[in-house]
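A.B. asks:
Residue numbers (the numbering used here), protein chains in the order written: chain A, 1 to 114; chain B, 1001 to 1117.
1) So, does the CB of residue 1091 of chain B fall closer than 8 Å to a CB anywhere in chain A?
2) Assuming the contact rule is C-beta atoms closer than 8 Å, residue 105 of chain A and residue 4 of chain A should be a hit. Round their C-beta distance to whole Å, please.
3) Please list the partners that residue 110 of chain A has in chain B, where partner means a Cβ-to-Cβ separation under 9 Å.
4) If we count the other Cβ atoms within 10 Å of its Cβ and call it buried at 16 or more, is residue 28 of chain A buried or exposed?
5) Along the region 41-69 of chain A, where does the CB come closer than 9 Å to a CB of chain B? Name the residues.
6) What does residue 88 of chain A touch in chain B if you count any residue whose Cβ is under 9 Å from its own?
7) If you drop the 5 nearest sequence neighbours on each side, which residues of the same chain put their C-beta closer than 7 Å to that of residue 7 of chain A?
8) Return the chain-ordered ranges of every beta strand (DSSP E) run that is complete within the region 61-104 of chain A and spans a minimum of 3 residues.
9) Within the same chain, show all residues whose beta-carbon is closer than 6 Å to that of residue 1022 of chain B, passing over the 5 residues directly before and after it, in chain order.
10) For a test of the three-state rule: what should DSSP assign to residue 1053 of chain B, helix, strand or coil?
11) Going by alpha carbons, who is nearest to residue 1051 of chain B out of B:1045, B:1009, B:1068?
12) Using the beta-carbon of each residue, which ones in chain A are nearer than 9 Å to residue 1098 of chain B?
13) Can you tell me the Cα-Cα spacing of residue 1078 of chain B and residue 18 of chain A, whole angstroms?
14) Where do the ends of the beta strand (DSSP E) carrying residue 1029 of chain B lie?
15) Find the residues of chain B that neighbour residue 28 of chain A, judging by a C-beta separation of less than 9 Å, and give them in chain order.
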């Protein structure tokens, strides 16, 4: 059972365009929603995150939109750059024992053409 | 270095053999996680330690998988009687025990790529 569903599986965007990745979850116990970026041969690294009491969070060119009632959230990358080419994972996290445990989506491979 | 360190970076073994994968977390991080990432998939949760104890081991697929963290720092993931389906990248991450206002950021290592022939 896939607890966090992510789409699309792959995405190709021209430089300067907007990249949009969508995620949906089922478990209402999730209360922290991070996005991780992963380059080939590296571990995932936190990009941006949001808590469910906020509908939008923006950091530079990256924005998370969160719809609690629909149990959906999305990542928007404005003015996409070739250096943004990577795999992006959404996650939904539950607090346990003093730290969050993220459940990851299957990932979106983003290619930004120059 | 200051990041999460994992060894070996690559391990090739034969079906049925025993394997140990090591993780050295960021100093001062009390939480340590193991995830498994198959090709083209997202990281799949295996086990989470808070200090020396396994706070959640619900992701371990079967009793061939075991992990320890005896002194609350370095952790070892142990896989007995390896199978071809165990081939994946095993990721370790660490994080702080949260205080009010802190993020739940996990810091990942580069992973140990396990290939079972």
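We put the CB at the ideal spot given by N, CA and C, even for glycine.
C.D. replies: According to the data block:
1) Position 91 of the second chain, counted from the first residue, corresponds to residue 1091 of chain B. Chain A contact via Cβ: present.
2) In the first chain, residue 105 of chain A corresponds to position 105, counting from 1. In the first chain, residue 4 of chain A corresponds to position 4, counting from 1. Rounded, the Cβ-Cβ distance is 4 Å, consistent with contact.
3) As a first step, residue 110 of chain A must be located in the first chain, where it is residue number 110. Within chain B, no residue comes near residue 110 of chain A; the closest Cβ sits about 14 Å away, beyond 9 Å.
4) Taking the first chain and counting its residues from 1, one reaches residue 28 of chain A at position 28. When all chains shown are included, residue 28 of chain A counts as exposed.
5) 41, 42, 43, 44, 45, 46, 49
6) For the purposes of this step, residue 88 of chain A is taken as residue 88 along the first chain, with counting starting at 1. Within 9 Å Cβ-Cβ: nothing; residue 88 of chain A doesn't reach chain B, min ~10 Å.
7) Taking the first residue of the first chain as 1, we reach residue 7 of chain A at position 7. Closer than 7 Å at Cβ, skipping near neighbours: 22.
8) 62-67, 72-77, 86-96, 99-104
9) Residue numbering aside, residue 1022 of chain B sits at position 22 when the second chain is read from its first letter. Around residue 1022 of chain B: 1007, 1076.
10) Counted from its first residue, the second chain places residue 1053 of chain B at position 53. Looking at residue 1053 of chain B - three-state DSSP - the assignment turns out to be strand.
11) Start at 1 with the first residue of the second chain, and residue 1051 of chain B comes out as number 51. Minimum Cα distance to residue 1051 of chain B is reached at B:1068.
12) Position 98 of the second chain, counted from the start, is the residue given in the question as residue 1098 of chain B. Ordered by position in chain A, the residues that pass the 9 Å Cβ test against residue 1098 of chain B are 95, 98, 99, 100.
13) What you label residue 1078 of chain B is simply residue 78 of the second chain in a count that begins at 1. What you label residue 18 of chain A is simply residue 18 of the first chain in a count that begins at 1. Whole-angstrom Cα-Cα distance: 43 Å.
14) Position 29 of the second chain holds residue 1029 of chain B. Element bounds for residue 1029 of chain B: n/a, residue is neither H nor E.
15) What you label residue 28 of chain A is simply residue 28 of the first chain in a count that begins at 1. Going along chain B, no residue has its Cβ under 9 Å from residue 28 of chain A, so there is no contact; the nearest lies around 18 Å.
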